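Here the structure comes first, spelled out in structure tokens, and everything after it is commentary.
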Amino acid sequence: MSAEPPAAAEPPFEVRPSFVDEVLEVVDAIPAGHVLSYGDVAALLGSRAARAVGSVMRRYGHAHPWWRVVRSGGLPPTGHEARAKTHYEAEGTPLRALSRDPGYAVEYAKARWRP
DNA sequence: AAGTTGACGAAAT
DNA sequence: AATTTCGCCAACT
10 MSAEPPAAAE PPFEVRPSFV DEVLEVVDAI PAGHVLSYGD VAALLGSRAA
60 RAVGSVMRRY GHAHPWWRVV RSGGLPPTGH EARAKTHYEA EGTPLRALSR
110 DPGYAVEYAK ARWRP
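Residue numbers for the first sequence follow the working numbering, so the first one is 10 and each next one is one higher.
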């Protein structure tokens, strides 16, 4: 018998109908002076897709407080280091000087938003 | 339609 | 410590 066994295994997790909307909603909820990492945003959605969060932010984040989402360790978004620093100083986000890389980073342990 | 890329991240090498 | 590999999901080619 030849019938092909599709063996379609269903995902053990719920399928998110709109990952994009949920990402933007979380970002919009981060209070001024605080930050979340890309991975944290994904984790709040029950996912590990930190990269997908970055992809969403690049295309749709322009109308949202994109500077409140940082990389692991508090490094600002790639390609917008200087732009983000202006926002952090205006919001009083705790920063830390670095001797390398963009020259500064957010003090993630202090600035991290805990919902 | 299938593969590649990308504001990422942690673990393995 | 640096580079590579894998994971996740949307957008682009």
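Backbone N, C-alpha and C fix where the C-beta goes; we use that ideal spot for every residue, glycine too.
These numbers come from a predicted model, not from an experiment.
* beta strand (DSSP E) containing A106: first to last residue? -> If you number the first sequence from 1, residue 106 lands on position 97. Unbroken beta strand (DSSP E) run through A106: 104-106.
Where does L107 land, buried or exposed, given buried means 16+ other C-beta within 10 angstroms? Sequence index remark: in the first sequence, residue 107 carries index 98 (1-based). Exposed is the call here.
- prompt: How would you write the range of the alpha helix (DSSP H) that A114 sits in, first residue to last?
  reply: Translated into positions along the first sequence, residue 114 becomes position 105. Not the alpha helix (DSSP H): A114 falls in the beta strand (DSSP E), residues 113-115.
Euclidean distance between Cα positions of V78 and P26 = In the first sequence, counting from the first residue as 1, residue 78 sits at position 69. In the first sequence, counting from the first residue as 1, residue 26 sits at position 17. Between V78 and P26, the C-alpha separation is close to 23 Å.
Review point. Which same chain residues, not among the five before or five after R42, have their C-beta less than 6 Å away from its C-beta?
Key: Mapped onto the first sequence, residue 42 falls at position 33. The question names Arg, yet the displayed sequence has Gly at residue 42. Around G42: E100, G101, T102.
With distances taken between CB atoms, is the gap from L45 to H73 smaller than 8 Å?
To locate residue 45, count along the first sequence from 1; it is residue 36. To locate residue 73, count along the first sequence from 1; it is residue 64. For L45 and H73, no; Cβs fall outside 8 Å.
Notebook entry, point to check: Which same chain residues, not among the five before or five after K119, have their C-beta less than 8 Å away from its C-beta?
Noted result: Position 110 of the first sequence, counted from the first residue, corresponds to residue 119. Cβ within range, chain order: P103.
* State the beta-bridge partners of V44 as determined by DSSP. => Taking the first sequence and counting its residues from 1, the one referred to as residue 44 is at position 35. For V44, which the question treats as bridged, DSSP gives the partners R121.
**OP:** Inspect the beta-carbon positions of P86 and P111 and report whether they are closer than 8 Å.
**Re:** Here the question's residue 86 lines up with position 77 in the first sequence. Here the question's residue 111 lines up with position 102 in the first sequence. Contact flag unset, no.
Sheet register partners of V8 (DSSP bridge):
Because the chain is modelled from 10 through 124, residue 8 falls outside the range shown and cannot be assessed.
* Asked: How many Å lie between E90 and Y47 at the Cα?
  -> Translated into the one-based positions of the first sequence, residue 90 becomes position 81. Translated into the one-based positions of the first sequence, residue 47 becomes position 38. Their backbone Cα atoms lie some 15 Å apart in a straight line.
Report task. Find the nearest neighbour of G55 within the set F28, R92, V115, judged by alpha-carbon distance. Result -> Residue numbering aside, residue 55 sits at position 46 when the first sequence is read from its first letter. Nearest of F28, R92, V115 to G55, Cα basis: F28.
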